[in-house]
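Asks:
Numbering (our numbering), first residue to last: 3 to 284.
Following this line, the structure appears as structure tokens:
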């Protein structure tokens, strides 16, 4: 089948639980603050929830061949209430847009997340999918060492309205740990040959792991259990394991106790992810 035929397809809801042990595993794998996220999950746990629903699309028999090339292009999360630990959630997924460019196709996948208290989260993802890479990979840098990484800071304690910077890096082992905690098992993040087969130079850091780093810094400007209202992520360049990166923030104006913050993960003048967060500071 053509991926164009997926446009408008919705999937039967699935039910999942925000299990405390899974939240703790996720917090550890992303380098977040374990003391803060006990009764509620961190905002970036939305990424793990997304990948509880993503198999509805990505593991369909008629879609699987198109996942040889699978790249997360951009992401938007909108939080309606805190992600409470122990709550049961209903996830409803749908394909809302499909557009093709050459041999590759951009697929928009939306997930609505509801609890017994109502809507908790909305997720909108754009995936670049294809049976063949758009181009050949560059020079082979070789497989990265398993344990090498740069400085990797936990976020500072939350202080309303205050933002600093975060030093972040992930080793190849860290990527395997994140895959287990998030459910994002795309082999480009741990299998060198699979990454090159997808047109990349080699293994790359998960986009949503970098998104988690961004949300950690943004959430440090709020003391609330639901620190973010929205986060928009644009995945721009591939970050290699072991590379020392920095998460930076540029705070903007505050309206109705919500502050806009522009953020980026970068190294040596290259932006790997850029983002806009809306932070509850009131």
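Glycine is no exception: its CB is placed at the ideal position from the N, C-alpha and C atoms.
Could you check what DSSP says for residue 91 in three-state terms: helix, strand or coil?
Replies: Walking along the chain shown from the start, residue 91 turns up at place 89. Annotated three-state conformation of residue 91 is strand, per DSSP.
Asks: Between residue 33 and the rest of its own chain, which residues show a CB-CB distance below 6 Å, the 5 nearest in sequence each way excluded?
Replies: Indexing the chain shown from 1 puts residue 33 at position 31. Residues of the same chain with a CB within less than 6 Å of the CB of residue 33, apart from the 5 flanking positions on each side, are 154 and 156 in chain order.
Asks: Quick one: using the 10 Å Cβ neighbour count with 16 as the cut-off for buried, is residue 212 buried or exposed?
Replies: On the chain shown, residue 212 is found 210 positions in, with the first residue counted as 1. Its Cβ being crowded by 16 or more others within 10 Å, residue 212 is buried.
Asks: DSSP on residue 66, reduced to helix/strand/coil?
Replies: Position 64 of the chain shown, counted from the start, is the residue given in the question as residue 66. Reduced to three states, the DSSP call for residue 66 is helix.
Asks: In three-state DSSP terms, what is residue 191?
Replies: Here residue 191 corresponds to residue number 189 of the chain shown, with the count starting at 1. Here residue 191 sits in helix by DSSP.
Asks: Would you list, in sequence order, the uninterrupted beta strand (DSSP E) runs of no fewer than 3 residues that lie entirely inside the segment 151-180?
Replies: Counting whole runs of 3 or more residues, the segment 151-180 contains the beta strand (DSSP E) stretches 168-170.
Asks: Please confirm whether residue 112 and residue 97 have their CB atoms less than 9 Å apart.
Replies: As a first step, residue 112 is located in the chain shown; it is residue number 110 there, counting from the start. As a first step, residue 97 is located in the chain shown; it is residue number 95 there, counting from the start. Yes, these two residues count as a Cβ contact at 9 Å.
Asks: Using the Cβ count rule (16 or more neighbours within 10 Å means buried), how would you classify residue 14?
Replies: Taking the first residue of the chain shown as position 1, residue 14 is located at position 12. Exposed, since its Cβ has fewer than 16 Cβ neighbours within 10 Å.
Asks: What did DSSP end up calling residue 140 once you bin it into helix, strand or coil?
Replies: Taking the chain shown and counting its residues from 1, one reaches residue 140 at position 138. Residue 140: coil per DSSP, three-state reduction.
Asks: Would you mind sorting residue 149 into buried or exposed? The rule is 16 or more other CB atoms within 10 Å of its CB.
Replies: Here residue 149 corresponds to residue number 147 of the chain shown, with the count starting at 1. Looking at its Cβ environment, which holds fewer than 16 other Cβ atoms inside 10 Å, residue 149 is exposed.
Asks: Could you check if residue 201 is buried or exposed, using at least 16 other CB atoms within 10 Å of its CB as the buried criterion?
Replies: Looking up residue 201 in the chain shown gives position 199. It is buried - the Cβ of residue 201 has at least 16 other Cβ atoms within 10 Å.
Asks: Indicate the three-state DSSP secondary structure (helix, strand or coil) for residue 254 in the structure shown.
Replies: For the purposes of this step, residue 254 is taken as the residue at position 252 of the chain shown. In the three-state DSSP reduction, residue 254 falls in the strand class (E or B).
Asks: Go ahead and label residue 176 buried or exposed: buried means 16 or more other beta carbons lie within 10 angstroms of its beta carbon, across all protein chains shown.
Replies: Here residue 176 refers to the residue found at position 174 when the chain shown is read from its first residue. Classification for residue 176: buried.
Asks: So, under 8 Å CB-CB, residue 170 and residue 247 are touching, yes? Tell me the CB distance rounded to an integer number of Å.
Replies: Taking the first residue of the chain shown as position 1, residue 170 is located at position 168. Taking the first residue of the chain shown as position 1, residue 247 is located at position 245. At roughly 5 Å, the Cβ-Cβ gap stays under 8 Å, so residue 170 and residue 247 are in contact.
Asks: Work out the CA separation of residue 82 and residue 76 for me, nearest whole Å.
Replies: Taking the chain shown and counting its residues from 1, one reaches residue 76 at position 74. Taking the chain shown and counting its residues from 1, one reaches residue 82 at position 80. When rounded, the distance between both Cα atoms is 20 Å.
Asks: The alpha helix (DSSP H) spanning residue 215 covers which residue range?
Replies: Residue numbering aside, residue 215 sits at position 213 when the chain shown is read from its first letter. Where residue 215 is concerned, the enclosing alpha helix (DSSP H) stretches over 209-221.
Asks: What does a CB cutoff of less than 6 Å around residue 207 pick up in its chain, not counting 5 residues either side in sequence?
Replies: Counting from one through the chain shown, the residue named residue 207 turns up at place 205. Cβ neighbours of residue 207 beyond the five flanking positions: 172 and 241.
Asks: Could you spell out the range, first to last residue, of the alpha helix (DSSP H) harbouring residue 23?
Replies: By one-based count along the chain shown, residue 23 stands at place 21. Segment 22-32, the alpha helix (DSSP H) holding residue 23.
Asks: Under 8 Å by Cβ, that's how I've got residue 54 and residue 163 pegged, so tell me the actual separation to the nearest angstrom.
Replies: In the chain shown, the residue the question calls residue 54 occupies position 52. In the chain shown, the residue the question calls residue 163 occupies position 161. Incorrect: roughly 33 Å between the Cβ atoms, too far for contact.
Asks: Between residue 73 and the rest of its own chain, which residues show a CB-CB distance below 6 Å, the 5 nearest in sequence each way excluded?
Replies: Taking the first residue of the chain shown as position 1, residue 73 is located at position 71. So the list reads 130, once near-sequence residues are dropped.
Asks: So which of 210, 91 and 261 has the shortest CA-CA distance to residue 276?
Replies: One-based indexing of the chain shown puts residue 276 at position 274. Here the closest residue by C-alpha is 210.
Asks: Are the CB atoms of residue 88 and residue 22 nearer to each other than 9 Å?
Replies: Residue 88 sits at position 86 when you count from the first residue of the chain shown. Residue 22 sits at position 20 when you count from the first residue of the chain shown. A contact, by the Cβ cut-off of 9 Å.
Asks: Alpha carbon to alpha carbon, how far is residue 40 from residue 69?
Replies: Counting from 1 along the chain shown, the entry for residue 40 is found at position 38. Counting from 1 along the chain shown, the entry for residue 69 is found at position 67. Between residue 40 and residue 69, the C-alpha separation is close to 35 Å.
Asks: Using the Cα positions of residue 167 and residue 64, report the straight-line distance between them to the nearest angstrom.
Replies: Along the chain shown, one-based indexing puts residue 167 at 165. Along the chain shown, one-based indexing puts residue 64 at 62. In this structure, the alpha-carbon of residue 167 lies about 44 Å from that of residue 64.
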